[in-house]
Amino acid sequence: QSALTQPASVSGSPGQSITISCTGTSRDIGTYKVVSWYQHHPGKAPKLMIYEVSKRPSGVSDRFYGSKSGNTASLTISGLQTEDEADYYCSSYATGSTLVFGGGTRLTLL
Amino acid sequence: EVQLVESGGDLVKPGGSLRLSCAASGFTFSSYSMTWVRQAPGKGLEWVSSIRSSSGHIYYADSVKGRFTVSRDNAKNSLNLKMDSLGADDTAVYYCATSLREFFLFPVSLDYWGLGTLVTVSS
């Protein structure tokens, strides 16, 4: 049950766009279209931002966009806002009925 | 409004046991799968265990298999996690979450989360 690989940190200025990558293997992202992304402000409950690679739950801004190519999923946030500063985690179903998470990416607004 | 409130976190000695609970409200608890996820200090999220709506399917991470037992009481809208043989590596904030979607009978996309409860394993 190896963790998915995310960059430890990314940064961007308000109004800009950033992309966070999430790399897995053929046992998870490469085979299954059930990648999710979560936003986590420390001390608060994590929030689901993207499910099934690119779908947004009701109430999530369309500034958040998910995609997948091969073993790598990506989360793009456009028009960065101060409230976007948070930790972001990807997850995927993995062969053998497990759920694997990425190590998390800290998004910092410059 | 969906609410998930974890409780039971505490300081426990290595080798000890602890029981966590998660009280659910604002949705039809008996219809949805539930999941425990933990976050060690300064670390990322780690899936711990999931249980389907009728307890017919239960899943564990390798790191807790044989030591942790998940259960649910649909009559009381409650999710539980019994943790035995605790070690320092189990120190973490434990979150419960609910899933609105499943994939091959496995809950994916954790739609709502609680605030978590802190478990500290130390002598």
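Sequences listed follow chains A and B, in order.
If you're matching positions, the first sequence starts at 542 in the working numbering and goes up one per residue.
If you're matching positions, the second sequence starts at 173 in the working numbering and goes up one per residue.
Don't be surprised by glycine CBs; every beta carbon is placed ideally from N, CA and C.
Fair warning: this is a prediction, and the values are worked out from it, not measured in the lab.
Give me whichever residues DSSP pairs with residue i in a beta bridge.
i                : result
His581 (chain A) : A:Asp628
Thr560 (chain A) : A:Thr617
Tyr266 (chain B) : B:Arg210, B:Thr289
Ile593 (chain A) : First, the amino acid is wrong: residue 593 (chain A) is Glu here, not Ile. Beta-bridge pairing links Glu593 (chain A) to no other residue.
Leu545 (chain A) : A:Gly643
Lys588 (chain A) : A:Gln580
Name the chain A residues that come within less than 9 Å of residue i, Cβ to Cβ?
i                : result
Tyr267 (chain B) : Ala586, Pro587
Arg273 (chain B) : Val575, Tyr592, Glu593
Please state whether the Cβ-Cβ distance between residue i and residue j is less than 8 Å.
i                : j                : result
Val601 (chain A) : Lys574 (chain A) : no
Ala264 (chain B) : Arg210 (chain B) : yes
Trp217 (chain B) : Phe642 (chain A) : What sits at residue 217 (chain B) in the sequence shown is Leu, not Trp. Contact: yes.
Thr289 (chain B) : Glu178 (chain B) : yes
Ser580 (chain A) : Thr646 (chain A) : The question names Ser, but residue 580 (chain A) is Gln in the sequence shown. It is not a contact, given that the beta carbons lie outside the stated cut-off.
Ala196 (chain B) : Leu277 (chain B) : no
Val576 (chain A) : Gly620 (chain A) : no
Phe240 (chain B) : Ser225 (chain B) : no
Leu258 (chain B) : Gly181 (chain B) : no
Leu589 (chain A) : Ser281 (chain B) : yes
Leu648 (chain A) : Ala614 (chain A) : no
Val291 (chain B) : Asp262 (chain B) : yes
Tyr231 (chain B) : Thr639 (chain A) : yes
Ser552 (chain A) : Leu616 (chain A) : no
Ser610 (chain A) : Gly565 (chain A) : no
Ser189 (chain B) : Asp283 (chain B) : no
Ends of the beta strand (DSSP E) at residue i?
i                : result
Glu173 (chain B) : From DSSP, Glu173 (chain B) is part of no beta strand (DSSP E); its letter is neither H nor E.
Ser608 (chain A) : 605–610
Gly553 (chain A) : 550–553
Arg647 (chain A) : 646–650
Val641 (chain A) : 639–642
Chain B partners of residue i, CB-CB under 8 Å?
i                : result
Ser608 (chain A) : Going along chain B, no residue has its Cβ under 8 Å from Ser608 (chain A), so there is no contact; the nearest lies around 16 Å.
Can you list the residues of chain A that residue i reaches, using a CB-CB cut of under 8 Å?
i                : result
Val242 (chain B) : In chain order: nothing, as chain A lies at least about 13 Å away.
Leu282 (chain B) : Ser577, Tyr579, Pro587, Leu589, Ser632
Trp208 (chain B) : None at all; the shortest Cβ gap to chain A is about 11 Å.
What residues from chain B crowd round residue i, counting only those whose CB sits closer than 9 Å?
i                : result
Tyr630 (chain A) : Gly216, Leu217
Gly571 (chain A) : Within 9 Å Cβ-Cβ: nothing; Gly571 (chain A) doesn't reach chain B, min ~15 Å.
Find the residues of chain B that neighbour residue i, judging by a C-beta separation of less than 7 Å, and give them in chain order.
i                : result
Gly644 (chain A) : Gly216
Where are the alpha helix (DSSP H) runs, 4 residues long or more, that stay fully inside the segment 182–228 of chain B, in chain order?
Complete alpha helix (DSSP H) runs here, min 4: none at all.
My parser needs the beta strand (DSSP E) runs of 3 or more residues fully inside the segment 223–262 of chain B; what are they?
As for any beta strand (DSSP E) of minimum length 3 sitting wholly inside the segment 223–262 of chain B, the runs are 230–232, 240–245, 250–255, ordered along the chain.
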